[in-house]
Amino acid sequence: MDPITLAMGLAQFAPGIVRLLSGSSKAGEVAQKVVDVAEAVTGHTGPAAIEALKADPALVIQFRPAMAEIDADLEK
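First residue of the sequence shown: 603, per this note's numbering; consecutive thereafter.
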């Protein structure tokens, strides 16, 4: 699955991801960062990372601040 599709799937846990990807000329790079964070937080790759987040609210709590950091970095 491509990074943008995965990132959009991850948006259910951090809706700001949609804004990060929308209108960005670097959407692919941003999406890959989002996926990398999800994989690091969950210990799973690809769609399994989404399933891990669905199954464990504690992982979502870890994932959201990481997304906020990416958002802040991109705003700079």
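The beta-carbon is built from N, C-alpha and C at its ideal position, and this holds for glycine as well.
Original post:
Is it the case that the Cβ atoms of A651 and T644 are separated by a distance below 8 Å?
Top reply: yes
Original post:
Where does the unbroken alpha helix (DSSP H) through T707 begin, and where does it stop?
Top reply: Any question about residue 707 goes unanswered here, given that the chain covers just 603 to 678.
Original post:
V658 by DSSP, collapsed to three states: which one?
Top reply: This sequence places Asp at residue 658; Val is not what is there. Residue state, collapsed to three classes: coil.
Subject >> Contacting residues, own chain, Cβ-Cβ under 7 Å from I663 (five flanking each side not counted) >> reply: none
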